[in-house]
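Engineer: Residue numbers (this note's numbering): 22 to 199.
A virtual CB, placed ideally from N, CA and C, is assigned to each residue, including glycine.
Got a structure for you, written out below as structure tokens; questions coming shortly.
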Ligand SMILES: [Zn+2]
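Written out as structure tokens, the structure reads:
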């Protein structure tokens, strides 16, 4: 399942901000040329989407730095659409589904915890803070192993009362032998 592109049929290509020079001044037509979009698209960015431009001149003038920032912001907004069971891989700079659909979860506060998984593309560790209440929805998509938090970091009230005595003792022994 891929999120469908919201750009519509007009924007066939995605503009690449890397071709814009920060210290240049562009007219909408020049910016459109560099980015490979229609100049009406650039005018629309100025009129309706908050791109800064000097509108006291004709044609309008756009600062390269403003244009870069505007396009960067649009890109980040698109990237932020992480699905609940996906993590953001800092190496790939992409949302990734955990490798083998496996992840670990450690409680950190009574309402939230850390999901840890491996990136299927580069093998890096990915982390994501999730709400405990979303755990069930995530477990519907991937297999999540719930790990016990390090006992030294958990206050007595946070320790689940239903943990059998034997398991508690095992933990204590492990801690002492370190
Ligand atoms: Zn990766």
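(1) Return the chain-ordered list of same chain residues with a C-beta closer than 8 angstroms to the C-beta of residue 132, the five sequence neighbours on each side being excluded.
(2) Residue 141: which of 116, 52, 125 and 46 sits nearest, CA to CA?
(3) Apart from the five residues just before and just after residue 201, which ones in its own chain have a Cβ nearer than 7 angstroms to its Cβ?
(4) Is it the case that the CB of residue 142 approaches a heavy atom of ligand 1 more closely than 7 angstroms?
(5) Applying the 10 Å Cβ sphere with the 16-neighbour rule, what's the burial state of residue 93?
(6) Is residue 68 near ligand 1, going by C-beta to nearest heavy atom under 7 angstroms?
(7) So within the stretch 37-121, which uninterrupted alpha helix (DSSP H) runs reach at least 4 residues, ignoring any that extend past its ends?
(8) Do residue 119 and residue 108 have their beta-carbon atoms positioned less than 8 angstroms apart in this structure?
(9) From residue 60 to residue 149, what does the alpha carbon distance come to, in whole angstroms?
(10) Ligand 1 heavy atoms versus the CB of residue 133: any closer than 7 angstroms?
(11) Using only the alpha-carbon positions, how far apart do residue 68 and residue 74 sit?
(12) Could you tell me how far apart the beta carbons of residue 159 and residue 106 are, in whole angstroms, since I believe they sit closer than 8 angstroms?
Structural biologist: To lay it out plainly:
(1) Answer for residue 132: 152, 153 and 154, listed in chain order.
(2) For the set 116, 52, 125 and 46, the Cα lying nearest the Cα of residue 141 is the one of 116.
(3) The first residue shown for the chain is 22 and the last is 199, placing residue 201 beyond what the model contains.
(4) Annotation for residue 142 indicates a beta carbon within 7 angstroms of some heavy atom of ligand 1.
(5) Classification of residue 93: exposed, given that the 10 Å Cβ count is below 16.
(6) The nearest non-hydrogen atom of ligand 1 is 7 angstroms or more from the C-beta of residue 68.
(7) Complete alpha helix (DSSP H) runs here, min 4: 49-56, 60-69 and 85-100.
(8) Yes.
(9) The alpha-carbon separation between residue 60 and residue 149 amounts to approximately 40 angstroms.
(10) Result no, Cβ not under 7 angstroms from ligand 1.
(11) Roughly 9 angstroms between the two C-alpha positions.
(12) Rounded to the nearest angstrom, the Cβ distance from residue 159 to residue 106 is 5 angstroms, consistent with a contact under 8 angstroms.
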